[in-house]
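Trainee: First the structure, then my questions, so here it is.
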Amino acid sequence: MELHAKIYIAGHNGLVGSALLRLLRSRGYDNLVMRSRQELDLRNGEEVKAFFDEESIDYVFLAAAKVGGILANDTYPAEFIRDNLLMATNIIDSAYRSGVRKLLNLGSTCIYPKLAPQPLKESYLLTGELESTNEPYAIAKIAAIKMCQAYNRQYGTRFISVMPTNLYGPNDRFDLNDSHVLPALLRKFHEAKEKSLPSVQVWGTGSPRREFLHVDDLADACLYLMEHYEGSEIVNVGMGEDLTIQELAERIQRVVGYEGDITFDTSKPDGTPRKLADTSKLFGMGWEPAISLDEGLTSTYLWFLERQQVAQV
Ligand code: GFB
């Protein structure tokens, strides 16, 4: 991508979009296009078409999505499937009609079957039942992958699809009901420490395993793939290692410096037992992550503290 190419980051205020914005600006890309959800409702096909017709965009990072943790997905299935289908369909189709040179579509490792062999190879897609708590979201993400592949085959577009593992970092959401596990636990341990609470409650049994990639590493992988990958097949992006939810809670407890107890609320769902991405395809291309989980937990907690202080001002 040339530094003056017009690059649209769909979802630039979110966890992934803001990391892409930080990275592209730091690399000297000076023709970036962003629209807030108040300026452009990506679920509205006419608005999206008019935007692409007006802007004549060269490259698209499709990082806009309705996302959330296990409880949010299980509570709002209709919104998760509807909004993600609409946003992806509108952007992918308008990108084709307006002659976008290349588009990167972001999915998730939750698209793989619940009980697929681990680590998850890209070829396991659609080989088994999905995890019920996030099936609507996963179906929307799978539809976007298939749409990119169909447009590539029929229209000769260059629409690539990237499947990140669980992500965390600055600009994540810390709402205790709707957020993902890592930010939720950072906040829970922080608040327990501040209020000298006797214990922190972790959902589920603590035995499921999850892999966590810092969002700045994902952004770096996305830029790498936009520059070097031309295939229609999906590409996993991950750390190559995972840990149990209990181990994650214990690491976060240490980072926050909380000295109380950890309890488990088994009335809450565990979700899929494990979803470790097989990253041999991407690592084989020469890319690898740079931020360890301990480094990432510390920097994300510091970001959370700074934002707390700003909020209290
Ligand atoms: O990140 P998370 O909510 O979603 O992680 P998934 C859920 C796992 O963490 C479950 C446990 O095993 C939960 O029981 N957990 C423990 C908690 N304490 C908490 C807590 O306080 N909050 C939350 N949220 N979980 C998501 C998909 O699956 O993965 C999304 O639902 C997306 O669609 C995302 O794909 C990447 O990792 O299970």
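For the sequence shown, the residue numbers in this note's numbering are -16 to 296.
Ideal Cβ placement from N, Cα and C applies to all residues, glycine included.
Below 7 Å, is the gap between the Cβ of L3 and the nearest heavy atom of the ligand GFB?
Mentor: No, Cβ of L3 sits at least 7 Å from all heavy atoms of the ligand GFB.
Trainee: According to DSSP, is R80 part of a helix, a strand, or is it coil?
Mentor: In the structure shown, R80 sits in a helix (DSSP, three-state: H, G or I).
Trainee: Could you give the DSSP three-state label for P147: helix, strand or coil?
Mentor: Residue state, collapsed to three classes: strand.
Trainee: Can you check whether the CB of S190 is closer than 8 Å to the CB of G243?
Mentor: Not in contact: G243 and S190 (Cβ atoms no closer than 8 Å).
Trainee: Would you call the segment 141 to 158 and the segment 196 to 205 touching, i.e. three or more CB-CB distances under 8 Å?
Mentor: Yes: at least three Cβ pairs fall under 8 Å.
Trainee: Using DSSP with H/G/I as helix, E/B as strand and the rest coil, what is F63?
Mentor: The answer is helix: DSSP assigns F63 an H, G or I state.
Trainee: So which residues put a beta carbon under 5 Å from any heavy atom of the ligand GFB, going in chain order?
Mentor: Ordered along the chain, the selected set is G52, I53, N56, S91, C93, N117, Y120, N149, H163, V164, A167, V185, W186, G187, P191, I228, D253 and G254.
Trainee: Given a cut-off of 8 Å on the beta-carbon distance, is the pair Y107 and P96 in contact?
Mentor: Yes, the Cβ-Cβ distance between Y107 and P96 is below 8 Å.
Trainee: Ordered along the chain, which non-local residues of its own chain (more than five positions away) have a Cβ less than 6 Å from that of Q101?
Mentor: Answer for Q101: R257 and L259, listed in chain order.
Trainee: Quick check on this structure: which residue in N135, A121, R170 and T140 has the alpha carbon closest to the alpha carbon of P147?
Mentor: Comparing Cα positions, the closest option is A121.
Trainee: Entirely within the segment 120 to 169 and at least 3 residues each: give me those beta strand (DSSP E) ranges in chain order.
Mentor: You should have 142 to 147 and 149 to 151.
Trainee: Just to confirm, is the Cβ distance from L208 to V218 under 8 Å?
Mentor: In this structure, V218 lies closer than 8 Å to L208 by Cβ.
Trainee: With a floor of 3 residues, list each beta strand (DSSP E) that falls wholly inside the segment 160 to 244, ordered by position along the chain.
Mentor: If we require 3 residues or more, the beta strand (DSSP E) runs fully inside the segment 160 to 244 come out as 182 to 186, 195 to 197 and 218 to 220.
Trainee: What's the gap between the Cα of Q132 and the Cα of E278?
Mentor: So the two alpha carbons sit approximately 36 Å from each other.
Trainee: Which residues in the same chain have their Cβ closer than 6 Å to the Cβ of T255, if we skip the five residues on either side of it in sequence?
Mentor: Excluding sequence neighbours, T255 sits near K97 and E114.
Trainee: Can you give the beta carbon distance from L231 to L165, rounded, assuming they're within the 8 Å contact cut?
Mentor: L231 to L165, Cβ: 7 Å. Contact.
Trainee: Using alpha carbons as the reference points, say which of A204, V50, N67 and Y42 lies closest to M(-16).
Mentor: The candidate whose alpha carbon is nearest that of M(-16) is Y42.
Trainee: Between G269 and E210, what straight-line distance do the alpha-carbon atoms span, to the nearest angstrom?
Mentor: Taking the straight line joining both Cα atoms gives about 13 Å.
Trainee: Grab the span of the beta strand (DSSP E) containing L45 for me, first residue to last.
Mentor: That run of the beta strand (DSSP E) goes Y42 to L45.
Trainee: Alpha carbon to alpha carbon, how far is I53 from H173?
Mentor: In a straight line, the C-alpha of I53 is about 21 Å away from that of H173.
Trainee: Leaving out five residues on either side along the sequence, give the residues of the same chain with a beta carbon under 6 Å from the beta carbon of F44.
Mentor: Within the same chain, F44 has close Cβ partners I(-8), L3 and L87.
Trainee: Name the one or two DSSP bridge partners that F247 has.
Mentor: Paired residue(s): V185.
Trainee: With a cut-off of 8 Å, do at least 3 Cβ pairs link the segment 70 to 85 to the segment 224 to 240?
Mentor: Contact between the segment 70 to 85 and the segment 224 to 240 is absent, because fewer than three Cβ pairs lie under 8 Å.
Trainee: Within this structure, are the beta carbons of D225 and K104 separated by less than 8 Å?
Mentor: Taking 8 Å as the Cβ cut-off, D225 and K104 do not qualify as a contacting pair.
Trainee: Taking N88 as part of the beta strand (DSSP E), name the residues at either end of that continuous run.
Mentor: Taken as a continuous stretch (DSSP letters only), the beta strand (DSSP E) holding N88 covers K85 to L89.
Trainee: Going by C-alpha distance, which of T188, E194 and G223 is nearest S250?
Mentor: Checking every option, the nearest Cα to that of S250 belongs to T188.
Trainee: How would you label T246, buried or exposed, when you count the other beta carbons within 10 angstroms and need 16 or more for buried?
Mentor: Exposed is the call here.
Trainee: Please determine, among G223, S215, S39 and R10, the residue with the shortest C-alpha to C-alpha distance to G267.
Mentor: Taking only the C-alpha atoms, the option nearest G267 is G223.
Trainee: Hey, out of H163, N(-4) and C93, whose CA is closest to Q21's CA?
Mentor: Taking only the C-alpha atoms, the option nearest Q21 is N(-4).
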